[in-house]
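2 protein chains.
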Amino acid sequence: MSWELHHVDVVVAGSPKPESVPVSWLKPGTTLINCSSDLLSGRQSLNNTTENAVCSLAVAMRMQNMVKNTERWIHSQQLRKWDLHCLKLQPLSPVPSDIEISRAQSPKAVDVLAKEIGLLTDEIEIYGQTKAKVRLSLLERLKDQPDGKYVLVAGITPTPLGEGKSTVTIGLVQALTAHLKINSFACLRQPSQGPTFGVKGGAAGGGYAQVIPMEEFNLHLTGDIHAITAANNLLAAAIDARILHENTQSDKALYNRLVPVVKGVRGFSSIQLARLRRLGINKTDPETLTEEEISRFVRLDIDPSTITWQRVVDTNDRFLRKITIGQANTEKGFVRQAQFDIAVASEIMAILALTTSLEDMKERLGKIVVANDKKGEPVTAEDLGVTGALAVLMKDAIKPTLMQTLEGTPVFVHAGPFANIAHGNSSILADKIALKLVGEKGFVVTEAGFGADIGMEKFFNIKCRASGLVPSVVVLVATVRALKMHGGGPSVSAGAPLKKEYTEENLQLVADGCCNLQKQIQITQLFGVPVVVALNVFKTDSPAEVDLVCKIAKQSGAFDAVPCNHWSDGGRGAVKLAQAVEKAANQKSSFKYLYSLETIAQKVYGAEDIELSPAAQSQIDRYTRQGFGKLPICMAKTHLSLSHQPEKKGVPTGFILPISDVRASIGAGFIYPLVGTMSTMPGLPTRPCFYDIDLDPVTEEVKGLF
Amino acid sequence: MSWELHHVDVVVAGSPKPESVPVSWLKPGTTLINCSSDLLSGRQSLNNTTENAVCSLAVAMRMQNMVKNTERWIHSQQLRKWDLHCLKLQPLSPVPSDIEISRAQSPKAVDVLAKEIGLLTDEIEIYGQTKAKVRLSLLERLKDQPDGKYVLVAGITPTPLGEGKSTVTIGLVQALTAHLKINSFACLRQPSQGPTFGVKGGAAGGGYAQVIPMEEFNLHLTGDIHAITAANNLLAAAIDARILHENTQSDKALYNRLVPVVKGVRGFSSIQLARLRRLGINKTDPETLTEEEISRFVRLDIDPSTITWQRVVDTNDRFLRKITIGQANTEKGFVRQAQFDIAVASEIMAILALTTSLEDMKERLGKIVVANDKKGEPVTAEDLGVTGALAVLMKDAIKPTLMQTLEGTPVFVHAGPFANIAHGNSSILADKIALKLVGEKGFVVTEAGFGADIGMEKFFNIKCRASGLVPSVVVLVATVRALKMHGGGPSVSAGAPLKKEYTEENLQLVADGCCNLQKQIQITQLFGVPVVVALNVFKTDSPAEVDLVCKIAKQSGAFDAVPCNHWSDGGRGAVKLAQAVEKAANQKSSFKYLYSLETIAQKVYGAEDIELSPAAQSQIDRYTRQGFGKLPICMAKTHLSLSHQPEKKGVPTGFILPISDVRASIGAGFIYPLVGTMSTMPGLPTRPCFYDIDLDPVTEEVKGLF
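In order, the protein sequence lines correspond to chains H and E.
Residues in the first sequence are numbered from 3 upward in steps of one, following the working numbering.
Residues in the second sequence are numbered from 3 upward in steps of one, following the working numbering.
Quick look at the structure:
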């Protein structure tokens, strides 16, 4: 909190009581109380009203000077162009491995970076030398500051190898800030450790466009995903334990345990009082409840077959996709089928990404629906009495983590990936804080998972709806490789060598594949936002291929289309992209949401229609009955095709989109239809990444991460 | 690393090459190379040998001065009494809740504390305002410094409520440092979040003897348990995925995937080369292996029925005690029964506690035996190729976390609890670093879980054996409450109100119960270490009861017995204990280990004999055959009785100790016999602690933790 910069307590002549007013209101003649010679230090709270002695005129004059200084200081804090010490890059050829590049660069101390971008000392919490959490109080301090420009990086339908959206995001901010001297921030998602040790490797960008140190980025970071896992699994354990306790105890025994006599007194906890109020029992003395009221209070009566809350781990553990739990004798036969999801698919991750304050997060956590009771009514985390504990477990995770790019420009890492099975966007809070920090002329570049049909659609319809923020530009990332695949090239899969079609010039495949790029541009235009195509150039791409893609992109309605070489050259390789984005940001954006399930299926995916399974229909009916019918929709769909069939490349048409089931994330605030079968738990391949990962016990260097 | 303090590169006149020598060896006449005017900053590495220009005499003279200054500085760093700013306590009566007391005290910034106790800036990694990890490089810098005195806090057989060992540990260091001005360090175990949200609450001490901020201590801390969980579960996932892949692929397909062609080249990773060497295949070119060699290389041939490696969560989740995994269609019918343990019971936690360096930890991680192959040979983490990844996940967890007590004295938190199902001691590394930091005349107070029969026995036989450290004094914690229970008082259980026997004077029950205290004193004497009894006084204890316990304790061979009031008075209430401990530390300790399973059962527990189940016998035979027969023993036994039956209080005799099974933690380096049935996963009670836990979204204050 930085109260002292905005308000001082004053007694206006003739007024009996001190008032708290903004410093800018102070006029000559105002009589000031409780002045202190330490005020200028900016550390002392000014709203101390314990002493009421009126200060002398001399002190009042000094206060006025201080006010002016403070105003000047606030102004300089808010609007100045950062005086950022950028780190020099000297790219090598051939480009070394990601971890070698990361290790060769010495990051700035994170407190130095924080100061450079206008964060106050008490607004950061340092985690080691290179990571810091940023407190949300900053949003209060800078609330009158206008936001910067908001840029989204999305992509065409990717190959399973990914087409470099994170790399473009990082290359773009390196170009903006280190080369064009424009304030900019990248807001990225924290990677899941599952894929890091599985098949994908890290997600810190790559080549000369990376977040450093990449091993810190890719491993535990500041523990947010671990906190989500802990909160998610506490809630899961509470559900099954509660069912067991209700099944094995009388109403009276349950009541005596839930509302015990402590030091001779029996009392309800706050969360129990809240439950009583929801039940319409307006009593506060535990001794006065009737038997019927006791029964309603102690029994959640969860129907085990309706439990939708799953346990999670941040590990690719396929054997937990379907399990039977409760088989020990101590659980007295209450076995049931369950599953573990990957931690980043937890609704709590979605809540973290979509929340706007600590209070809002706590409210959303309480609203999580975990099951229905036997009457078909939703049972929530709040009913289980666990809201406060979940909020406590998440109290630090809500603060975005500050890191830096290879060129020393700032990055926020916050909330998680997996746009196919979740909404897959980084957090609203990180974006909001960054938009304040860059100032009106600065840029915040954030990233949406997978192709524009999934990540961007969810960014607009879910994330922007929750935040109220309006994007200025979409950067659509394409590669010659993915376009060739859409043009009919042979299949691309992780671990297998690329076929020659992808390493030799083939203009026909590129031209044919541009249909996917064209479609994704059209999708962006549906939302009314200007689009710049970033062609992420690989060394095997021919100049003719690159020119062809840019030409078709512009013909298809892109504001501009620019080849980028940040992977091999760092920010310097993305300067043209940065200039195009800056120009596009001055275009008119006529941003709008798209609404229904049918609209998304037809307008975005290009389906003829949707087909609801009986299960999906009955879930929709239930959610409508429960009052959740108006929530936005978060599709769980493969990222490897515009359709529900991963093998259908290019722009599939004429298909009927099958909705196999519908789930609800009431805390996060959306309904999610499952399109076909979507796994919520990745597996380990035969040769997982971990074969190459090692730690040098002498130098403490990490090897083999990429 | 702090090389510059110990060594400089010199060219001795006439010698052709620079050598690295300790600064104290430098004599006048030595010709120095590569001197720099920045040397005195203490930041510049001195072992740069790229330039060989010989410096002038003037520079050599300056170097000499620097050497003298450095020597003086090293000396002052090593031996000085800390100039510690202690935090004042003003205890209230009645004593407020733990979280209120914790919140009412403002901790020092952790970097200030670090400096006060002689840590260098680059030896700490700050995590927020109040926690820091300490780098192991310190052990190298202070390796010539003599250790302080080493004190163990253990207890009598406790009630299920616990008798305050952590509180005594913290009270004792508060007394030593804040009141007697003697350097001291408490080394505590990181609590499991399972019990924190379950039935036990936190473990940061209590009343006016606490680690602060207690919510930071009790929640994620610096992520060590999360790292253990991640490493443990990656290994578990690797086992099942490997079995599936071996079962569904030919040798050739496995080989092509495990040793793929990357950019035209096929190569083994380091960990695969190590496996080839273990298999006696001395080849490095993947193209030259015979079919038989390929088959041996690619097939671990794990026998699923022998898998002992379990998954873990840091949540009390009883429904995971016995589960069936692999039931999704994608796992092709390879279902098996498995379980989750509480995370702190992971062998990786035991390794963390027992390791002595990064290199040692990596070696232990690789040696973890997860199962047998179909020939009965052990299969290790190294065989699965995951050693390096585990070490990478644990690279920060190996550094102890520095915090402080309510009176501002230093505390290390490192490694975990649960002395019943694990060895339950804090880490050797924390103790070793603390012993250097306190200096020769200082004290390190560390804590062993539960009663002396379990926690202390394992401290001596396992932890001291691994560390080589010799304890000077044992503090044995007793309470009138627990003694009354042993004397035949009614049963004590968590959540239920205490019977009047425990709140009113009853000298007979106390006198009868002292048999347990006497026995635990005798156990301590078996190991040859002087014992001081700390009677943790409750406000319901009568002066006559207190006197009686102290009298009997001294008669039973305790060096001294002292009532303590740190809970209500802070360190001031433990000054007499501190004085007694200081005196006892000057006694002769004739420390020795106890060896066999039989010795522990008979001499420590008081059993007549042991009885091995057929399963236990066959496991012992197998481990002996596999070469693990000489490892120390870590008993998994209830902490609520000296015997295997929790309801047998006092000093049970004449019983036969049943060993139901025997497991091995080869990485940690012990065999653990299971005595009766021991649950490795606690459950949530009907009314878990989380009902009272809440977060104020405006002040960000945590409520309801205790």
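Think of the CB as a built atom: it goes at the ideal place given N, C-alpha and C, for glycine as much as any other residue.
Small disclaimer: the values here were computed from a predicted structure and weren't measured.
Task: Coil, strand or helix - Met637 (chain H) by DSSP - done: coil
Open item on the list: With distance defined between alpha-carbon atoms, name the residue in H:Leu697, H:Val482, H:Cys636 and H:Phe414 nearest to Val112 (chain H).
Closed with: H:Phe414
Task: Exposure label - Tyr210 (chain E); buried when at least 16 CB within 10 Å - done: buried
Open item on the list: Beta-carbon within less than 6 Å of Ala560 (chain H)'s beta-carbon, same chain only, minus the 5 sequence neighbours each way: which residues are those?
Closed with: Ile523, Val533 and Val535
TODO: Could you tell me whether the Cβ atoms of Ala355 (chain E) and Asn427 (chain E) are closer together than 7 Å?
DONE: yes
Task: Members of the stretch 375-397 of chain H near chain E, C-beta cut-off 9 Å - done: Leu386, Gly387, Val388, Thr389, Gly390, Ala391, Leu392, Ala393, Val394, Leu395, Met396 and Lys397
Task: Cross-chain neighbours of Asn235 (chain H) in chain E, by beta carbon under 7 Å - done: Under the 7 Å cutoff, chain E gives Val315, Thr317 and Asp319.
Open item on the list: So within the stretch 105-188 of chain H, which uninterrupted beta strand (DSSP E) runs reach at least 3 residues, ignoring any that extend past its ends?
Closed with: The stretch 105-188 of chain H contains, as complete beta strand (DSSP E) runs of 3+ residues, the segments 126-129, 133-136 and 151-157 (chain order).
TODO: Look up Met351 (chain H) in the DSSP assignment and say whether it is helix, strand or coil.
DONE: helix
Task: Within-7 Å CB hit, Glu102 (chain E) to chain H - done: It does not: the Cβ of Glu102 (chain E) has no partner Cβ on chain H nearer than 7 Å.
- [ ] Step through the CB atoms of chain E and report whether any lies within less than 7 Å of the CB of Gly130 (chain H).
- [x] yes
TODO: Mind checking which residues open and close the alpha helix (DSSP H) that includes Gln274 (chain E)?
DONE: For Gln274 (chain E), the enclosing alpha helix (DSSP H) starts and ends at Ser272 to Arg280.
Task: Bridge partners - Phe672 (chain E), DSSP secondary structure assignment - done: Note: Phe672 (chain E) is bridge-paired with E:Ser667 in the DSSP secondary-structure output.
- [ ] Answer with yes or no whether the minimum CB distance from Thr701 (chain H) to chain E is below 7 Å.
- [x] no
Open item on the list: Considering only the alpha carbon of each residue, which of H:Pro675, H:Gln131 and H:Gln92 lies closest to Trp569 (chain H)?
Closed with: For Trp569 (chain H), the nearest C-alpha among the options comes from H:Gln92.
Task: Span separating the alpha-carbon of Ser43 (chain E) from that of Val704 (chain E) - done: Below a pLDDT of 50, predicted positions are generally treated as unreliable, and Ser43 (chain E), at 34, falls in that range; no measurement from the model is reported.
TODO: Check the Cβ of Phe2 (chain E) against every Cβ in chain H and list those closer than 8 Å, keeping chain order.
DONE: Nothing about residue 2 (chain E) can be reported from this structure: the residues present for chain E run from 3 to 708 only.
Task: Per DSSP, the bridge partner or partners of Val724 (chain E) - done: Because residue 724 (chain E) is not part of the residues shown, which for chain E are 3 to 708, the question remains open.
TODO: Answer with yes or no whether the minimum CB distance from Ser271 (chain E) to chain H is below 7 Å.
DONE: yes
Task: Chain-order list of residues whose beta-carbon lies under 8 Å from that of Thr389 (chain E) (same chain, five-residue window excluded) - done: Ile273, Lys364, Leu367, Gly368 and Ala383
Task: Backbone CA spacing between Ala240 (chain H) and Ser493 (chain H) [nearest angstrom] - done: 45 Å
Open item on the list: Strictly by DSSP, which residues pair up with Tyr574 (chain E)?
Closed with: First, the amino acid is wrong: residue 574 (chain E) is Arg here, not Tyr. Answer is none; Arg574 (chain E) lacks a bridge partner.
- [ ] Report the neighbours of Gln581 (chain H) on chain E: residues whose CB is nearer than 9 Å to its CB, in chain order.
- [x] Those within 9 Å of Gln581 (chain H) in chain E number zero; the least Cβ separation is about 35 Å.
Task: contact_flag[the stretch 285-295 of chain E, the stretch 278-296 of chain H] where n(CB pairs < 8 Å) is 3 or more - done: Touching, no.
Open item on the list: So if DSSP puts Met405 (chain E) in a beta bridge, which residue, or which two residues, is it bridged to?
Closed with: E:Val413
Task: For Ile661 (chain E), three-class secondary structure by DSSP - done: strand
Task: Where the beta strand (DSSP E) through Ile612 (chain E) begins and ends - done: Per DSSP, Ile612 (chain E) belongs to the beta strand (DSSP E) from Asp611 to Leu614.
Task: Closer than 7 Å to chain E by CB, Gly44 (chain H) - done: Note that Gly44 (chain H) scores 35 on pLDDT, short of 50, meaning its location in the model is unreliable and no value can be drawn from it.
Open item on the list: Please identify the residue among H:Cys516, H:Leu190, H:Arg665 and H:Gly453 whose C-alpha is closest to the C-alpha of Leu633 (chain H).
Closed with: H:Arg665
Task: Unbroken alpha helix (DSSP H) run spanning Arg259 (chain E), endpoints - done: Asp253 to Leu260
Open item on the list: Can you confirm whether His568 (chain H), when its beta carbon is compared against all beta carbons of chain E, has any partner nearer than 7 Å?
Closed with: no
Task: Minimum Cβ-Cβ distance from Glu459 (chain E) to chain H less than 7 Å - done: For Glu459 (chain E), the answer is no, since every Cβ of chain H falls outside 7 Å of its Cβ.
Open item on the list: Quick check on Ser708 (chain H): does DSSP put it in helix, strand or coil?
Closed with: Ser is not the amino acid found at residue 708 (chain H); the sequence shown has Phe there. Of the three classes helix, strand and coil, the one that applies to Phe708 (chain H) here is coil, per DSSP.
Open item on the list: Looking at chain H, is there any beta carbon in it that lies within less than 7 Å of the beta carbon of Asp343 (chain E)?
Closed with: no
Task: DSSP state of Asn538 (chain H) mapped onto helix, strand, coil - done: strand
Open item on the list: Which of the three DSSP states is assigned to Gln510 (chain E) in this structure?
Closed with: Three-state DSSP puts Gln510 (chain E) in a helix.
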